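Residue numbers (the UniProt record's numbering): 1 to 105. Positions of the beta carbon are idealized from the N, C-alpha and C atoms, including for glycine. Quick caveat, the model's predicted, so the values are computed rather than measured.
Okay, here's the thing in structure tokens:
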């Protein structure tokens, strides 16, 4: 199980997500694209349409909404907590402090 503490997201250089010194496995281009887009929002909500555009820039799949929900569920499992990615008015948000995202410092 991953350690406790805030999520830390490294986007500049080698992509990495960690918590309490433990690297969390976020495998797959689509899952990483979802995390990157959420992390760049710095804890603010991101509209589902913006997430779909980030994950599938060329052509979203038929049923993009359910596909996005599946990816969000997979990301929550990878991060170790459903509280890390929450559905809020206006979309989804990654519960991360902007200071813990290297690209936002």
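**Prompt:** residue 29 to residue 39, Cα distance in whole Å?
**Reply:** One-based indexing of the chain shown puts residue 29 at position 29. One-based indexing of the chain shown puts residue 39 at position 39. Cα to Cα, the separation comes out at about 15 angstroms.
**Prompt:** Which term fits residue 19, buried or exposed, when burial requires 16 or more other beta carbons within 10 angstroms of its beta carbon?
**Reply:** Counted from its first residue, the chain shown places residue 19 at position 19. The residue is buried, with at least 16 neighbouring Cβ atoms inside 10 Å.
**Message:** On a Cα-Cα basis, can you pick out the residue from 74, 49 and 5 that is closest to residue 63?
**Reply:** Along the chain shown, one-based indexing puts residue 63 at 63. Cα-wise, what sits closest to residue 63 is 49.
**Length of the line joining the Cα atoms of residue 59 and residue 72** = Residue numbering aside, residue 59 sits at position 59 when the chain shown is read from its first letter. Residue numbering aside, residue 72 sits at position 72 when the chain shown is read from its first letter. The C-alpha of residue 59 lies about 19 angstroms from the C-alpha of residue 72.
**Asked** Can you name the start and end residues of the alpha helix (DSSP H) that residue 49 belongs to?
**Response** Working through the chain shown from its first residue, we reach residue 49 at position 49. Per DSSP, residue 49 belongs to the alpha helix (DSSP H) from 48 to 55.
**Request:** Have a look at 5, 66, 44 and 74 and flag the residue whose alpha-carbon is nearest the alpha-carbon of residue 32.
**Result:** Here the question's residue 32 lines up with position 32 in the chain shown. It is 74.
**Request:** Pick helix, strand or coil for residue 58, following the three-state DSSP scheme.
**Result:** The residue labelled residue 58 in the question sits at position 58 within the chain shown. DSSP places residue 58 in coil when its eight states are reduced to three.
**Prompt:** When DSSP builds the beta bridges, which residues end up paired with residue 7?
**Reply:** Position 7 of the chain shown holds residue 7. Beta-bridge pairing by DSSP links residue 7 to 19.
**Request:** Determine the direct distance from the alpha carbon of residue 46 to that of residue 37, and round the result to whole angstroms.
**Result:** The residue labelled residue 37 in the question sits at position 37 within the chain shown. The residue labelled residue 46 in the question sits at position 46 within the chain shown. Each residue's CA atom was taken as its position, placing residue 37 and residue 46 some 8 angstroms apart.
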